[in-house]
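Read through the structure below, which is laid out as structure tokens, and then see the notes.
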């Protein structure tokens with residue numbers, strides 16, 4: 021999360037380029053390498069990926085989860101179930117802003133009971149989205165274990181939540197904004213950091 | 017979205033699509049083992065029903081409960097309402113109890129509007145049917161049901177047949193379907209079309225058989241005998257023959273066309289068992305979809321911050 025701990029949607033704005041001090045943290049090849057490494061870590065951690073289910077958190081966690089699934093499938097040879105978990109109705113800041121549209125929840129046909137669920141998100145910030153995701157997951161079933169994979173961990177946790185797989189640890193100040201752009205949503209792969217002190 | 021839902025005309029095209037899309041996501045919750053969301057925890061929804069209703073009240077109650085709201089049911093029978101308490105005093109009581117939303121059904125057209133604009137209560141008001149005026153959530157669930165089967169409703173032909181004069185369902189449907197781009201034709205005997213229907217954004221006809229072959233959906237309205245003081249048609253048999261949906265007409269109706277009815281049905285009067293229970297009938301689905309649509313409305317009105 022970028023602008024402030026409570027607003028996921030702020031992440032996509034302002035548009036890159038409009039902000040003079042936006043700086044690239046990861047480019048497309050960096051992102052590809054990070055995802056490949058995370059995919060291998062997931063396989064290693066689960067001793068093969070036979071009971072793994074990947075669930076992306078909308079919006080940008082979903083395409084990232086799909087890409088991880090493709091990589092795991094390429095390594096292990098068997099397809100990995102992948103889906104999406106909308107957390108809107110479980111957020112703790114719903115009352116702070118007008119009601120927002122819901123995203124799609126898509127649980128793979130095999131469900132999550134007794135399996136290892138890997139939640140996938142783009143940026144880990146306050147940890148509140150993940151708290152909401154855990155609540156949402158609870159209503160869907162009872163996984164054997166839940167893990168967390170994020171492309172960027174920018175710190176400033178407000179809850180006792182820690183990621184299991186991280187693409188990049190990015191120390192930030194609270195004034196800075198981290199933006200993750202992905203091909204499927206934004207037309208290109210990029211991680212940007214903006215704001216903070218003038219260089 | 018505005019703060020209240022009093023009329024289908026309150027909804028812009030974007031608002032209406034937002035409700036329908038939200039309902040589509042919420043419908044999936046009904047398929048889960050745990051049919052509950054924590055979203056409206058700690059908020060109070062009052063069902064204020066001055067008029068008899070089974071499905072609408074139960075539907076709103078189920079919707080509010082699935083969103084974890086506290087639900088208080090007020091019905092005219094067995095409460096101070098039957099002792100002659102005024103709408104204002106009832107509203108002040110509800111306000112004192114801290115109602116975040118009031119779902120109101122009243123036999124007088126405009127009662128929800130009065131409740132929303134009088135300043136008596138601070139919460140959102142949802143019209144669950146007022147007199148012969150409007151019933152916007154019914155129109156939303158009808159549109160939702162049609163959209164699930166037909167796809168986007170733009171340029172789809174919808175026929176609404178029967179007692180338009182007394183029907184709040186017809187009025188709300190005409191407004192909403194027009195907003196969504198559908199073409200609506202009302203079919204009724206001249207005595208059951210309201211004065212001024214030519215100003216509505218729809219066509220009107222007296223002959224059902226001539227419009228039926230081009231329909232994508234046909235909505236049969238209940239003949240509201242309880243609202244009819246005088247005779248509006250010569251006999252039940254004649255009405256049924258000219259405006260009822262019966263086996264003979266099913267053959268004329270296109271194969272893909274849907275049959276809807278807001279319920280409760282007068283079987284044998286406006287619709288026969290073959291039509292109501294046939295493969296093209298979506299009448300039972302309408303009831304299930306009502307819960308999803310009302311969840312969407314309650315979520316969009318109450319789920320966020322107060323509109324500024």
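Chains as they are written, first to last, in the working numbering: chain A, 21 to 219; chain B, 17 to 324. Just so it is clear, CB atoms sit at the ideal spot from N, CA and C, and this is done for glycine as well.
Is it buried or exposed for residue i, if we count other Cβ within 10 angstroms and need 16 for buried?
i                      : result
residue 83 of chain A  : buried
residue 185 of chain A : buried
residue 113 of chain B : exposed
residue 121 of chain A : exposed
residue 179 of chain B : buried
residue 149 of chain A : buried
residue 203 of chain A : exposed
residue 139 of chain A : buried
residue 107 of chain B : buried
residue 143 of chain B : buried
residue 207 of chain B : exposed
residue 324 of chain B : Because the pLDDT at residue 324 of chain B is just 42, under 50, the model does not fix this residue reliably, and the value given afterwards should be weighed accordingly. Label assigned to residue 324 of chain B: exposed.
residue 178 of chain A : exposed
residue 28 of chain B  : exposed
residue 257 of chain B : exposed
residue 47 of chain B  : exposed
residue 280 of chain B : exposed
Find out if the Cβ-Cβ distance for the pair residue i, residue j is shorter than 8 Å.
i                      : j                      : result
residue 155 of chain B : residue 192 of chain B : yes
residue 313 of chain B : residue 259 of chain B : no
residue 296 of chain B : residue 289 of chain B : no
residue 118 of chain B : residue 157 of chain B : no
residue 220 of chain B : residue 196 of chain B : no
residue 132 of chain A : residue 198 of chain A : no
residue 292 of chain B : residue 272 of chain B : no
residue 42 of chain A  : residue 154 of chain A : no
residue 103 of chain B : residue 131 of chain B : yes
residue 157 of chain A : residue 200 of chain A : no
residue 87 of chain A  : residue 116 of chain A : no
Using only the alpha-carbon positions, how far apart do residue i and residue j sit?
i                      : j                      : result
residue 56 of chain B  : residue 95 of chain A  : 44 Å
residue 118 of chain A : residue 206 of chain A : 24 Å
residue 52 of chain B  : residue 84 of chain B  : 7 Å
residue 229 of chain B : residue 236 of chain B : 15 Å
residue 263 of chain B : residue 270 of chain B : 13 Å
residue 61 of chain B  : residue 129 of chain B : 18 Å
residue 238 of chain B : residue 140 of chain B : 29 Å
residue 224 of chain B : residue 151 of chain B : 24 Å
residue 61 of chain A  : residue 183 of chain A : 13 Å
residue 233 of chain B : residue 172 of chain B : 8 Å
residue 218 of chain B : residue 147 of chain B : 21 Å
residue 70 of chain A  : residue 51 of chain A  : 25 Å
residue 193 of chain A : residue 65 of chain A  : 32 Å
residue 255 of chain B : residue 101 of chain A : 57 Å
residue 109 of chain B : residue 72 of chain B  : 23 Å
residue 189 of chain B : residue 91 of chain A  : 50 Å
residue 124 of chain B : residue 114 of chain A : 35 Å
residue 128 of chain A : residue 100 of chain B : 56 Å
residue 44 of chain A  : residue 209 of chain A : 11 Å
residue 205 of chain B : residue 175 of chain B : 14 Å
residue 200 of chain B : residue 194 of chain B : 7 Å
residue 165 of chain B : residue 308 of chain B : 16 Å
residue 93 of chain B  : residue 66 of chain B  : 8 Å
residue 231 of chain B : residue 222 of chain B : 15 Å
Bridge partners of residue i, per DSSP?
i                      : result
residue 140 of chain B : B:117
residue 189 of chain A : A:173
residue 44 of chain A  : A:212
residue 91 of chain B  : B:65
residue 95 of chain A  : Per DSSP, none; premise fails for residue 95 of chain A.
residue 104 of chain A : A:76, A:126
residue 150 of chain B : B:146
With DSSP run on the structure shown, which of helix, strand or coil describes residue i?
i                      : result
residue 75 of chain B  : helix
residue 276 of chain B : strand
residue 86 of chain B  : strand
residue 312 of chain B : helix
residue 201 of chain A : strand
residue 192 of chain B : helix
residue 318 of chain B : helix
residue 235 of chain B : strand
residue 62 of chain B  : strand
residue 126 of chain A : strand
residue 136 of chain A : strand
residue 154 of chain A : helix
residue 162 of chain A : coil
residue 268 of chain B : coil
residue 299 of chain B : helix
residue 219 of chain B : strand
residue 180 of chain B : coil
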